[in-house]
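See below for the structure under consideration.
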Amino acid sequence: EFMQSSWDVEEVQAKGIQHIASFVKDENAFPYLLRLTAVITFAMKTHVTSLEIQVHGCRLLLEILSQALEQGVVMALDRSGTSCLLATVRTHSGNEQLLSLLCTLLMMVSASEVAAENLRKAGIIPDLLSILRRFLHNDKICFSCCGVLWSLAVSGNSEDTPGLLENAVPVTSAVLQKHLQNGAVAEAACSALWALSLQGCLADNDYEPTTALLLDALRTNPERAVLVKNGCLALASLLRVSEIAALTLITDSEGSGIDLIKEICHLHFHDSGVVGAVCLLLQEMAQYDDVVLDMLSQKVEKLLFEIKIQFPFG
Numbered sequence: 021e022f023m024q025s026s027w028d029v030e031e032v033q034a035k036g037i038q039h040i041a042s043f044v045k046d047e048n049a050f051p052y053l054l055r056l057t058a059v060i061t062f063a064m065k066t067h068v069t070s071l072e073i074q075v076h077g078c079r080l081l082l083e084i085l086s087q088a089l090e091q092g093v094v095m096a097l098d099r100s101g102t103s104c105l106l107a108t109v110r111t112h113s114g115n116e117q118l119l120s121l122l123c124t125l126l127m128m129v130s131a132s133e134v135a136a137e138n139l140r141k142a143g144i145i146p147d148l149l150s151i152l153r154r155f156l157h158n159d160k161i162c163f164s165c166c167g168v169l170w171s172l173a174v175s176g177n178s179e180d181t182p183g184l185l186e187n188a189v190p191v192t193s194a195v196l197q198k199h200l201q202n203g204a205v206a207e208a209a210c211s212a213l214w215a216l217s218l219q220g221c222l223a224d225n226d227y228e229p230t231t232a233l234l235l236d237a238l239r240t241n242p243e244r245a246v247l248v249k250n251g252c253l254a255l256a257s258l259l260r261v262s263e264i265a266a267l268t269l270i271t272d273s274e275g276s277g278i279d280l281i282k283e284i285c286h287l288h289f290h291d292s293g294v295v296g297a298v299c300l301l302l303q304e305m306a307q308y309d310d311v312v313l314d315m316l317s318q319k320v321e322k323l324l325f326e327i328k329i330q331f332p333f334g
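Numbering (this note's numbering), first residue to last: 21 to 334.
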């Protein structure tokens with residue numbers, strides 16, 4: 021009521037947000053905090069030019085969302101809440117510190133299919149791509165934005181956003197290239213590329229460089245099971261529609277893709293998710309005669325036999 025009585029007074033809203041934040045550590049206050057998210061986002065939208073309110077509002081929403089995740093509560097911001105976050109993105113597009121907070125918040129919010137749909141319809145994709153281009157050096161921003169892109173791609177049809185998700189392919193590839201050594205960011209970028217490939221967002225001239233880049237990611241981070249699984253699924257998605265991708269895999273300048281696949285499969289041999297992704301990739305490879313010859317020469321059938329023994333009911 022204190023905040024609602026003076027929406028237009030910035031100082032009142034700032035104090036109100038600080039007061040709400042004082043209850044964050046009180047476990048009993050959580051149900052009430054959930055109900056106050058709309059108040060927080062309205063204050064942020066009303067005073068969108070106030071950096072203080074945006075920073076404190078983002079931090080408070082992050083705290084509430086984190087608690088919701090810990091307690092298994094699905095919290096979806098409505099259209100008004102997502103439009104508030106988008107307004108903050110556009111108003112403070114050059115503030116790296118705020119965007120770092122905000123992109124983390126967007127990633128958490130977009131985990132809800134409803135919120136992801138609202139963000140996509142509000143037109144956030146060009147803003148995300150602009151942020152990535154501008155702050156490609158910032159691993160935290162890159163990690164979060166790739167997470168949002170993954171959610172947007174998997175939660176809807178690319179026909180809803182013609183051309184926009186296609187534009188995400190070179191930007192996401194640039195993130196992966198820049199942060200190959202950063203396992204967490206590389207993992208997020210591989211996941212985003214997988215989702216984009218499933219939506220048919222890659223052009224013909226994307227298949228060769230994207231395949232080579234995904235192979236680089238697997239070579240650089242072979243110990244990361246999620247990256248390996250999603251990287252293999254992304255490769256399988258590319259090979260499903262492109263012989264160029266298949267030929268790139270077996271003629272990669274850094275070494276045989278088949279050898280790499282065998283190595284990562286043995287490394288994660290007890291992880292059914294990784295092994296399943298490898299099997300799907302091998303299945304897509306087998307549709308091309310030239311690739312099959314390479315698979316035979318490198319005794320892939322021995323690997324398949326080992327997998328059958330390991331997972332007899334697979």
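From the three backbone atoms N, C-alpha and C, an ideal C-beta is built for every residue, glycine too.
Between the region 285–300 and the region 231–250, the count of Cβ pairs shorter than 8 Å is three or higher; the stretches touch.
In the structure shown, cysteine 104 falls within a helical segment according to DSSP collapsed to helix, strand and coil. In chain order, Ile37, Ile40, Ala41, Val44, Ile60 place their CB closer than 8 Å to the CB of leucine 80, counting only its own chain and leaving out the 5 sequence neighbours on each side.
Counting along the chain, the unbroken alpha helix (DSSP H) around serine 150 starts and ends at 145–154. Bounds of any alpha helix (DSSP H) do not take in arginine 244, whose DSSP letter is neither H nor E. At a Cβ-Cβ threshold of 8 Å, serine 257 and leucine 218 count as neighbours. Proximity to alanine 188 across Thr57, Leu213, Ala206 peaks at Leu213, based on C-alpha coordinates.
Restricting attention to Ala58, Ala49, Leu71, the CA atom closest to the CA of serine 100 is found in Ala58.
Closest in C-alpha terms to serine 273, from the list Lys282, Glu228, Cys299, comes Glu228. If you check the CB distance, threonine 124 and serine 70 do not come in under 8 Å.
Around the beta-carbon of asparagine 48, fewer than 16 other beta-carbon atoms lie within 10 Å, marking it exposed. In the three-state reduction of the DSSP assignment, alanine 131 falls in the coil class. In the three-state reduction of the DSSP assignment, aspartate 159 falls in the helix class, which pools H, G and I. A residue is called buried once 16 or more other Cβ atoms fall within 10 Å of its Cβ, and glutamate 207 is buried on that count. Bounds of any alpha helix (DSSP H) do not take in phenylalanine 43, whose DSSP letter is neither H nor E.
For proline 51, the closest of Val75, Gly92, Gln74 by C-alpha to C-alpha distance is Gly92. Taking a contact as a CB-CB distance under 8 Å, the pair leucine 172 and leucine 139 counts as one, their CB atoms being some 7 Å apart.
The beta carbons of leucine 156 and alanine 194 sit closer together than 8 Å. A straight-line Cα-Cα distance of about 22 Å links glutamate 31 and leucine 82. Excluding sequence positions up to five before and after alanine 232, its CB lies within less than 7 Å of the CB of Thr268, Asp272, all in the same chain and listed in chain order. Closest option to leucine 280, judged by alpha-carbon separation, among Lys65, Leu235, Asp159, Leu255: Leu235.
In the structure shown, the three-state DSSP call for proline 51 is helix.
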